Amino acid sequence: MTPHIMGDFYRNTPSGVREKLNLLKEATAARGLPLELSCAAEYYLDEWFLEKLEGPEDLLSFGGDRKFLLIETSYINEPAQLRQHVFAIQAAGYTPVLAHPERYTYFYGRLDELLSLRDVGVLFQINTNSISGYYSKGAREVAKQLIQRQAVEFLGTDTHSMRHTRVLERTLAEPLLAQALKLPLLNSTL
């Protein structure tokens, strides 16, 4: 699970998320469900992010020692400090992973600018539902271009409700998903 952490809107904390994860593990174990559960978070690059990064509590990352940190921005406006945030993340020992880069409309028509983030060490996680065009035709097109350029390290489901699982079921039949699954993904199981 990767809940959002965003300034004054999603007030999750690493310790609070870990506490909820432990409750979920206890509940699944009590029901005899053999699930392997872990957590990270999706950090919004807002005016409070650097405070969290420099704070006393380790951020919720995944990938063990590789410390992948899932980040996101506004869908419409490119943050003025995007590259500075990336550098700060790396300086703190994390590897930045940009969540759903195909959905950021400020990169539409600017694929080279988006891909230039990879040149400075940012990895990409696309949403599987973008492949089916669920979010928009633009998101599907950018996802397609990223897959064709082998510029995807992770696939995510971004499942917030049962509606998203139904879309995911339809996405499973998409040839573009089959193409994405042939990439050398760093999360090889979904």
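Under the numbering used here, think of the first position of the sequence shown as 699, with each following residue one higher. Ideal placement from N, C-alpha and C gives every residue a C-beta, glycine not left out. Quick caveat: nothing in here was measured; it's all calculated off a predicted structure.
- Annotation: Val715 to Cys737 spans about 8 Å, alpha carbon to alpha carbon.
- Contact between Asp856 and His798 holds: CB atoms are separated by about 7 Å, below the 8 Å threshold.
- Look at the segment 752-794 and you find these whole runs of alpha helix (DSSP H), each 4 residues long or longer: 780-789.
- It is roughly 11 Å from the alpha-carbon of Gly854 to the alpha-carbon of Leu866.
- Using a 10 angstroms sphere on the CB of Asp744, the tally of other CB atoms reaches 16 or more, which defines it as buried.
- Cβ contact annotation for Thr869 (same chain, cutoff 7 Å, sequence separation greater than five): Thr826, Asn827, Ile829, Ser830, Leu875, in chain order.
- Residue Leu821 holds the alpha-carbon nearest to the alpha-carbon of Val795 among Gln788, Arg808, Leu821.
- Nearest in C-alpha terms to Asn710, of all of Leu757, Ala778, Tyr802, Leu812, is Leu757.
- DSSP places Gln823 in the uninterrupted beta strand (DSSP E) bounded by 821-825.
- For Ile787, the number of other beta carbons within 10 angstroms of its own is at least 16, and it is reported as buried.
- About 26 Å separates the Cβ atoms of Thr726 and Arg764, ruling out a contact at the 8 Å cut-off.
- Beta-bridge annotation (DSSP): His798 is not paired with any residue.
- Sorting Pro754, Asn775, Lys842 by C-alpha distance to the C-alpha of Glu872 places Lys842 at the top.
- Counting other Cβ atoms within 10 Å of its Cβ, Tyr773 stays below 16 and is therefore classed as exposed.
- Cβ neighbours of Asn885 within its own chain (closer than 7 Å, five residues either side excluded): Phe852, Leu853.
- Per DSSP, the continuous alpha helix (DSSP H) segment holding Glu811 begins and ends at 809-817.
- Taking 8 Å as the cut-off, the Cβ atoms of Val850 and Ala878 count as close.
- When the five nearest sequence neighbours on each side are left out, the beta carbons in the same chain lying within less than 6 Å of the beta carbon of Tyr806 are those of Gly836, in order along the chain.
- In this structure, Tyr804 lies away from Glu770, with their beta-carbon atoms at least 8 Å apart.
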